[in-house]
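Participant: One rule links them: number in the working numbering = place in the sequence shown (from 1) + 2. Beta carbons: idealized from backbone N, C-alpha and C, even for Gly.
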Amino acid sequence: MNPRELKDHLYAQVGRIAAALSSPKRLELLELLAQGEKSVEALAQAADIDIKLASAHLRVLREAQLVQARRDGKSRIHRLGGSEVSDLWVKLRELAESSLAELQIAMARLVAEPERLTPQRAQALLDRVRAGDVVLLDVRPAAEFRSAHLPGARSVPLDELEARIRELPGDKEVVAYCRGPFCLMADAAVELLARHGLRARKCPDGVPEWRAAGLPLESAAA
Numbered sequence: 003m004n005p006r007e008l009k010d011h012l013y014a015q016v017g018r019i020a021a022a023l024s025s026p027k028r029l030e031l032l033e034l035l036a037q038g039e040k041s042v043e044a045l046a047q048a049a050d051i052d053i054k055l056a057s058a059h060l061r062v063l064r065e066a067q068l069v070q071a072r073r074d075g076k077s078r079i080h081r082l083g084g085s086e087v088s089d090l091w092v093k094l095r096e097l098a099e100s101s102l103a104e105l106q107i108a109m110a111r112l113v114a115e116p117e118r119l120t121p122q123r124a125q126a127l128l129d130r131v132r133a134g135d136v137v138l139l140d141v142r143p144a145a146e147f148r149s150a151h152l153p154g155a156r157s158v159p160l161d162e163l164e165a166r167i168r169e170l171p172g173d174k175e176v177v178a179y180c181r182g183p184f185c186l187m188a189d190a191a192v193e194l195l196a197r198h199g200l201r202a203r204k205c206p207d208g209v210p211e212w213r214a215a216g217l218p219l220e221s222a223a224a
């Protein structure tokens, strides 16, 4: 292989990653898997696509070594190839947010002034949680909470929240979070909590953002 062929080969290998990331649905699947491993069926349902299309997207991600799979009976369970894949998703989304006016406008519809995740902000939130001044609410599915969650968080999945509203103290602020800035479950939770007279706000960052920032996480096993 001559020098030109070698360079072409090197760029082509990096291009495999770029090609795998070129689909919006594959990006969504990566974000879902950043919350914890999932079956093809669960991924298809969460991404609102059929199982056949989900399997095709996952095959592309596996071929690029971004995703791995294992057998569990008749199901095939997928997980990210490593924490660096989750970090890549976060960095890619942050680059898009800082560069694309269209995305900035769309994000402004979710929150007028999004908070940037910093160690100082994270520590301030954790201090309030530990002091008992704030209830940190994880409204993702319980399996995702068990895989990893923000320190001190309480698991109340969104589809259980209204039935379990009495579990939350009425005299404390509730901070709800879900899968990250693009996820709307926390928004729905804040709206529901407000209707019941609770003080609530959204934390736009989730597990992938905290992991990428080097901040602490907990898991049910720990």
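Taking only beta-carbon atoms, is Gly-38 less than 8 angstroms away from chain B?
Facilitator: The structure shown has no chain B; it contains just one protein chain.
Participant: Can you tell me whether DSSP reads Asp-140 as helix, strand or coil?
Facilitator: Strand.
Participant: Could you check if Arg-181 is buried or exposed, using at least 16 other CB atoms within 10 Å of its CB as the buried criterion?
Facilitator: The residue in question, Arg-181, is buried, as its Cβ has 16 or more Cβ neighbours within 10 Å.
Participant: Give me, in chain order, the residues of the same chain whose beta-carbon lies closer than 6 angstroms to that of Asp-207; leave out the 5 immediate sequence neighbours on both sides.
Facilitator: Hits under 6 angstroms: Leu-119.
Participant: Here's the rule: buried if 16 or more other CB atoms are within 10 angstroms of the residue's CB, otherwise exposed. What is Met-187?
Facilitator: With 16 or more Cβ atoms within 10 Å of its Cβ, Met-187 is classed as buried.
Participant: Which same chain residues end up closer than 6 angstroms to Ala-110 when comparing Cβ atoms and leaving out the 5 residues on each side of it in sequence?
Facilitator: For Ala-110, where only same-chain residues beyond five positions count, there are no Cβ hits under 6 angstroms.
Participant: Taking C-alpha atoms, which residue in Lys-54, Ser-41, Leu-94 and Leu-112 lies nearest to Asp-189?
Facilitator: Of the listed residues, the one whose Cα sits closest to Asp-189 is Leu-112.
Participant: How should Leu-29 be labelled, buried or exposed, when 16 other C-beta atoms within 10 angstroms of its C-beta is the threshold for buried?
Facilitator: Flag for Leu-29 reads buried.
Participant: Which first and last residues belong to the alpha helix (DSSP H) in which Lys-9 is found?
Facilitator: Segment 5-22, the alpha helix (DSSP H) holding Lys-9.
Participant: Per the contact definition of three or more C-beta pairs closer than 8 angstroms, is the region 46-54 in contact with the region 207-223?
Facilitator: Because the criterion of three Cβ pairs below 8 angstroms is not met, the region 207-223 and the region 46-54 do not touch.
Participant: Beta carbon of Asp-140, beta carbon of Lys-174: below 8 angstroms?
Facilitator: No, Cβ-Cβ distance for Asp-140 and Lys-174 is not below 8 angstroms.
Participant: What does the Cβ neighbour count give for Tyr-179, buried or exposed, with the cut at 16 atoms within 10 Å?
Facilitator: The residue is buried, with at least 16 neighbouring Cβ atoms inside 10 Å.
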